[in-house]
Amino acid sequence: MPEHERRVIFGLMVAQEGKTWILYRNLTQAGFDPDKDMLQSYWFGASPPLRSALDPLEHIYFQGGGGIVYNWDFKTSLEGLYVAGDACIYSSEHSGAAVTGRWAGAKAADYARGTSFGEVSWDQVEREKQRVYAPTKRTKGINWKELNVAICKVMRTYVNDLTNEEMLKIALKWLEELEQGEAQKLVARNPHELARSLETLGVLTNAKLIVLYTLEKMRRGRVEGMLTMRLKEDGGTEFRDLPPRWWLLLPYAPTYRENYEKHKPW
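In the working numbering, the protein residues as written are 2 to 267.
Okay, here's the thing in C-alpha coordinates:
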(Lines of atoms letter the chains of each structure in order from A and count residues from 1; the text may use other names and numbers.)
(Lines give C-alpha, C1' and ligand atoms only; values in the text may rest on other atoms or scores of the structure.)
Protein backbone atom coordinates (compact mmCIF):
# COMPACT_ATOMS: atom_id res chain seq x y z
CA MET A 1 0.00 0.00 0.00
CA PRO A 2 1.38 3.46 -0.87
CA GLU A 3 2.71 5.51 2.03
CA HIS A 4 0.14 8.29 1.66
CA GLU A 5 -2.72 5.76 1.81
CA ARG A 6 -1.34 4.18 4.98
CA ARG A 7 -1.07 7.59 6.60
CA VAL A 8 -4.60 8.56 5.58
CA ILE A 9 -6.06 5.33 6.97
CA PHE A 10 -4.25 5.64 10.29
CA GLY A 11 -4.10 9.42 10.68
CA LEU A 12 -7.57 10.30 9.38
CA MET A 13 -9.81 7.25 9.41
CA VAL A 14 -8.64 5.77 12.71
CA ALA A 15 -7.89 9.09 14.38
CA GLN A 16 -10.91 11.07 13.21
CA GLU A 17 -13.75 8.69 12.36
CA GLY A 18 -16.49 8.47 14.97
CA LYS A 19 -15.27 7.30 18.36
CA THR A 20 -12.07 5.58 17.23
CA TRP A 21 -9.68 8.29 18.41
CA ILE A 22 -9.05 6.29 21.58
CA LEU A 23 -7.64 3.49 19.39
CA TYR A 24 -5.34 5.98 17.69
CA ARG A 25 -4.10 7.26 21.05
CA ASN A 26 -3.53 3.81 22.54
CA LEU A 27 -1.78 2.47 19.45
CA THR A 28 0.42 5.57 19.16
CA GLN A 29 1.39 5.46 22.83
CA ALA A 30 2.20 1.76 22.44
CA GLY A 31 4.64 2.59 19.65
CA PHE A 32 2.57 1.66 16.60
CA ASP A 33 4.14 2.94 13.37
CA PRO A 34 1.91 2.78 10.25
CA ASP A 35 5.04 2.77 8.07
CA LYS A 36 6.29 -0.43 9.69
CA ASP A 37 3.37 -2.13 11.42
CA MET A 38 0.24 -3.71 9.95
CA LEU A 39 -3.05 -2.36 11.25
CA GLN A 40 -5.23 -5.39 11.98
CA SER A 41 -8.74 -4.93 13.32
CA TYR A 42 -11.96 -6.91 13.59
CA TRP A 43 -15.54 -5.83 13.96
CA PHE A 44 -16.27 -7.96 17.03
CA GLY A 45 -12.81 -9.10 18.08
CA ALA A 46 -11.62 -12.68 18.32
CA SER A 47 -13.04 -13.82 21.64
CA PRO A 48 -15.85 -16.41 21.89
CA PRO A 49 -18.59 -16.65 20.86
CA LEU A 50 -17.91 -14.16 18.07
CA ARG A 51 -14.68 -15.54 16.62
CA SER A 52 -14.96 -13.26 13.61
CA ALA A 53 -11.19 -13.10 13.36
CA LEU A 54 -11.03 -16.84 12.70
CA ASP A 55 -13.99 -17.35 10.38
CA PRO A 56 -14.33 -14.86 7.49
CA LEU A 57 -17.90 -15.96 6.81
CA GLU A 58 -18.88 -15.42 10.45
CA HIS A 59 -17.14 -12.06 10.37
CA ILE A 60 -19.09 -10.73 7.40
CA TYR A 61 -22.31 -12.38 8.60
CA PHE A 62 -22.32 -10.48 11.87
CA GLN A 63 -20.91 -7.31 10.36
CA GLY A 64 -23.13 -7.13 7.31
CA GLY A 65 -26.35 -8.30 8.89
CA GLY A 66 -29.33 -8.67 6.57
CA GLY A 67 -29.88 -7.36 3.11
CA ILE A 68 -31.58 -7.96 -0.21
CA VAL A 69 -31.46 -11.51 -1.60
CA TYR A 70 -29.78 -11.66 -5.01
CA ASN A 71 -28.13 -14.15 -7.34
CA TRP A 72 -24.52 -14.40 -8.55
CA ASP A 73 -25.23 -11.62 -11.05
CA PHE A 74 -26.38 -9.37 -8.16
CA LYS A 75 -29.86 -9.39 -9.68
CA THR A 76 -32.83 -9.35 -7.31
CA SER A 77 -36.24 -10.96 -7.65
CA LEU A 78 -37.53 -7.62 -8.94
CA GLU A 79 -36.89 -7.59 -12.68
CA GLY A 80 -34.20 -5.08 -13.63
CA LEU A 81 -33.11 -4.27 -10.07
CA TYR A 82 -29.48 -4.95 -9.16
CA VAL A 83 -27.89 -4.31 -5.77
CA ALA A 84 -24.44 -3.44 -4.46
CA GLY A 85 -22.72 -2.33 -1.28
CA ASP A 86 -24.42 -2.41 2.10
CA ALA A 87 -27.75 -3.36 0.49
CA CYS A 88 -26.29 -6.80 -0.19
CA ILE A 89 -26.21 -9.67 2.25
CA TYR A 90 -22.63 -10.22 3.47
CA SER A 91 -21.28 -7.01 1.93
CA SER A 92 -19.77 -4.17 3.91
CA GLU A 93 -16.89 -1.73 4.09
CA HIS A 94 -14.83 -0.59 1.11
CA SER A 95 -14.03 -4.06 -0.22
CA GLY A 96 -17.71 -4.95 -0.43
CA ALA A 97 -18.62 -1.64 -2.06
CA ALA A 98 -15.83 -1.80 -4.64
CA VAL A 99 -16.33 -5.41 -5.71
CA THR A 100 -20.13 -5.51 -5.68
CA GLY A 101 -20.39 -2.08 -7.28
CA ARG A 102 -18.22 -3.03 -10.23
CA TRP A 103 -19.83 -6.46 -10.60
CA ALA A 104 -23.45 -5.30 -10.29
CA GLY A 105 -22.82 -2.27 -12.51
CA ALA A 106 -21.46 -4.42 -15.33
CA LYS A 107 -24.31 -6.92 -15.05
CA ALA A 108 -26.93 -4.15 -14.92
CA ALA A 109 -25.40 -2.57 -18.03
CA ASP A 110 -25.59 -5.90 -19.88
CA TYR A 111 -29.23 -6.22 -18.85
CA ALA A 112 -30.02 -2.67 -19.97
CA ARG A 113 -28.48 -3.26 -23.39
CA GLY A 114 -30.75 -6.23 -23.96
CA THR A 115 -34.07 -4.76 -22.86
CA SER A 116 -36.43 -2.03 -24.03
CA PHE A 117 -37.21 1.18 -22.20
CA GLY A 118 -40.69 -0.02 -21.39
CA GLU A 119 -43.55 2.31 -20.50
CA VAL A 120 -43.58 4.87 -17.72
CA SER A 121 -46.49 4.63 -15.29
CA TRP A 122 -47.18 8.33 -14.96
CA ASP A 123 -49.90 7.70 -12.38
CA GLN A 124 -47.30 6.03 -10.18
CA VAL A 125 -44.87 8.90 -10.79
CA GLU A 126 -47.50 11.43 -9.78
CA ARG A 127 -48.39 9.51 -6.61
CA GLU A 128 -44.73 9.34 -5.65
CA LYS A 129 -44.25 13.08 -6.24
CA GLN A 130 -47.20 13.83 -3.99
CA ARG A 131 -45.78 11.56 -1.28
CA VAL A 132 -42.28 13.01 -1.51
CA TYR A 133 -43.27 16.67 -1.55
CA ALA A 134 -46.12 16.38 0.98
CA PRO A 135 -44.02 17.76 3.90
CA THR A 136 -43.29 20.93 1.91
CA LYS A 137 -47.01 21.61 1.46
CA ARG A 138 -47.68 21.85 5.18
CA THR A 139 -47.16 24.92 7.34
CA LYS A 140 -48.02 23.32 10.70
CA GLY A 141 -46.94 20.02 12.15
CA ILE A 142 -43.74 18.40 13.45
CA ASN A 143 -40.19 18.24 12.15
CA TRP A 144 -38.25 15.11 11.29
CA LYS A 145 -36.28 15.16 14.55
CA GLU A 146 -39.40 14.68 16.65
CA LEU A 147 -40.52 11.68 14.61
CA ASN A 148 -37.02 10.23 14.66
CA VAL A 149 -36.85 10.48 18.46
CA ALA A 150 -40.25 8.79 18.77
CA ILE A 151 -39.13 5.87 16.57
CA CYS A 152 -35.92 5.46 18.58
CA LYS A 153 -37.89 5.54 21.84
CA VAL A 154 -40.17 2.72 20.66
CA MET A 155 -37.28 0.57 19.42
CA ARG A 156 -35.15 1.08 22.54
CA THR A 157 -38.05 0.31 24.86
CA TYR A 158 -39.66 -2.67 23.15
CA VAL A 159 -37.09 -4.16 20.74
CA ASN A 160 -33.99 -5.09 22.71
CA ASP A 161 -32.12 -8.04 24.22
CA LEU A 162 -34.95 -8.70 26.69
CA THR A 163 -37.82 -8.43 24.21
CA ASN A 164 -40.66 -10.94 23.96
CA GLU A 165 -43.67 -11.45 21.71
CA GLU A 166 -45.92 -9.13 23.71
CA MET A 167 -43.34 -6.33 23.64
CA LEU A 168 -42.90 -6.74 19.88
CA LYS A 169 -46.65 -6.50 19.31
CA ILE A 170 -46.74 -3.30 21.38
CA ALA A 171 -43.84 -1.92 19.34
CA LEU A 172 -45.65 -2.71 16.09
CA LYS A 173 -48.78 -0.98 17.38
CA TRP A 174 -46.82 2.15 18.30
CA LEU A 175 -45.00 2.22 14.97
CA GLU A 176 -48.25 1.88 13.04
CA GLU A 177 -49.75 4.73 15.05
CA LEU A 178 -46.71 6.87 14.26
CA GLU A 179 -47.08 5.96 10.59
CA GLN A 180 -50.74 6.93 10.51
CA GLY A 181 -50.40 9.96 12.78
CA GLU A 182 -47.17 11.90 13.25
CA ALA A 183 -45.70 10.78 9.92
CA GLN A 184 -48.61 12.50 8.17
CA LYS A 185 -47.78 15.77 9.95
CA LEU A 186 -44.15 16.16 8.91
CA VAL A 187 -43.18 19.67 7.86
CA ALA A 188 -40.15 20.49 5.69
CA ARG A 189 -39.16 24.13 5.24
CA ASN A 190 -36.21 23.54 2.92
CA PRO A 191 -34.51 20.80 0.86
CA HIS A 192 -32.37 19.73 3.82
CA GLU A 193 -35.38 19.13 6.04
CA LEU A 194 -37.19 17.39 3.19
CA ALA A 195 -34.31 14.96 2.71
CA ARG A 196 -34.18 14.24 6.44
CA SER A 197 -37.96 13.81 6.55
CA LEU A 198 -37.85 11.20 3.79
CA GLU A 199 -34.96 9.43 5.51
CA THR A 200 -36.96 9.31 8.75
CA LEU A 201 -39.95 7.84 6.93
CA GLY A 202 -37.56 5.19 5.63
CA VAL A 203 -36.35 4.56 9.18
CA LEU A 204 -39.96 4.09 10.26
CA THR A 205 -40.56 1.51 7.53
CA ASN A 206 -37.33 -0.27 8.42
CA ALA A 207 -38.31 -0.34 12.10
CA LYS A 208 -41.59 -2.05 11.21
CA LEU A 209 -39.75 -4.61 9.08
CA ILE A 210 -37.41 -5.37 11.99
CA VAL A 211 -40.33 -5.95 14.34
CA LEU A 212 -42.21 -8.16 11.85
CA TYR A 213 -39.07 -10.17 11.13
CA THR A 214 -38.22 -10.59 14.81
CA LEU A 215 -41.76 -11.73 15.57
CA GLU A 216 -41.59 -14.38 12.85
CA LYS A 217 -38.16 -15.55 13.93
CA MET A 218 -39.33 -15.80 17.53
CA ARG A 219 -42.30 -17.94 16.48
CA ARG A 220 -40.12 -20.28 14.42
CA GLY A 221 -37.33 -20.69 16.92
CA ARG A 222 -33.83 -21.49 15.71
CA VAL A 223 -33.36 -21.06 11.95
CA GLU A 224 -30.45 -23.07 10.54
CA GLY A 225 -30.12 -21.16 7.29
CA MET A 226 -31.59 -17.77 6.48
CA LEU A 227 -35.11 -16.48 7.00
CA THR A 228 -36.15 -14.09 4.24
CA MET A 229 -39.17 -11.85 3.92
CA ARG A 230 -40.80 -10.30 0.87
CA LEU A 231 -43.64 -7.92 0.12
CA LYS A 232 -46.72 -9.50 -1.43
CA GLU A 233 -48.92 -7.81 -4.02
CA ASP A 234 -51.66 -7.31 -1.44
CA GLY A 235 -49.27 -5.37 0.80
CA GLY A 236 -48.67 -8.19 3.27
CA THR A 237 -45.41 -9.98 3.97
CA GLU A 238 -44.40 -13.59 3.45
CA PHE A 239 -41.44 -15.50 4.85
CA ARG A 240 -39.25 -18.20 3.35
CA ASP A 241 -36.44 -20.35 4.71
CA LEU A 242 -33.24 -20.60 2.69
CA PRO A 243 -30.78 -23.41 3.53
CA PRO A 244 -27.27 -22.68 4.86
CA ARG A 245 -24.96 -21.41 2.10
CA TRP A 246 -27.79 -21.54 -0.42
CA TRP A 247 -25.60 -19.64 -2.90
CA LEU A 248 -23.54 -22.83 -3.34
CA LEU A 249 -26.58 -25.06 -3.98
CA LEU A 250 -28.49 -25.68 -7.22
CA PRO A 251 -28.99 -23.91 -9.55
CA TYR A 252 -25.54 -22.55 -8.66
CA ALA A 253 -22.21 -24.36 -8.73
CA PRO A 254 -20.96 -26.05 -5.52
CA THR A 255 -17.79 -23.92 -5.14
CA TYR A 256 -16.96 -20.23 -5.01
CA ARG A 257 -14.35 -20.62 -7.74
CA GLU A 258 -16.79 -22.20 -10.19
CA ASN A 259 -19.44 -19.55 -9.56
CA TYR A 260 -16.86 -16.78 -9.88
CA GLU A 261 -15.56 -18.08 -13.20
CA LYS A 262 -19.08 -18.56 -14.54
CA HIS A 263 -20.56 -15.21 -13.52
CA LYS A 264 -17.64 -12.75 -13.39
CA PRO A 265 -18.34 -9.76 -15.68
CA TRP A 266 -14.71 -9.00 -16.60
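Each residue gets a CB set at the ideal place from its N, CA and C atoms; glycine is no exception.
All figures in this text were calculated on a predicted structure; none of them were measured in a lab.
Open item on the list: Considering only DSSP beta bridges, list what K76 is partnered with.
Closed with: Y83
Open item on the list: Considering just the uninterrupted stretch of the alpha helix (DSSP H) at T137, what are its terminal residues?
Closed with: W123 to K138
TODO: Give me the Cα-Cα distance between A99 and T140, rounded to the nearest whole angstrom.
DONE: 43 Å
Open item on the list: Please state whether the Cβ-Cβ distance between A88 and G68 is less than 8 Å.
Closed with: yes
Open item on the list: Can you tell me whether S48 is helix, strand or coil according to DSSP?
Closed with: Residue confidence for S48 is low, a pLDDT of 47 falling below 50, so the modelled location carries little weight and cannot support an answer.
Task: Sufficient close CB pairs (3 or more, under 8 Å) joining the region 101-121 to the region 138-156 - done: no
Open item on the list: Let's test the definition: count the other Cβ atoms within 10 Å of the Cβ of I152 and tell me whether it reaches 16, buried, or not, exposed.
Closed with: buried
Task: For E194, the first and last residue of its enclosing alpha helix (DSSP H) - done: P192 to R221
- [ ] Can you tell me which of the three DSSP states L28 falls into?
- [x] helix
Open item on the list: Looking at the strands, I want to know which residues DSSP matches up with D162.
Closed with: DSSP lists no partner for D162.
Task: Given Y134 as reference, the closest of S198, F240, M2 and L232 once Cα atoms are compared - done: S198
Task: Under the three-state DSSP convention, the category T229 falls into - done: strand
Open item on the list: Suppose the cutoff is 6 Å on Cβ atoms and the five residues either side in sequence are ignored; what does the same chain contact list for K186 look like?
Closed with: G142 and I143
TODO: For the beta strand (DSSP E) holding T116, just list the boundary residues, first then last.
DONE: Segment: none, T116 is in no beta strand (DSSP E) and carries neither H nor E.
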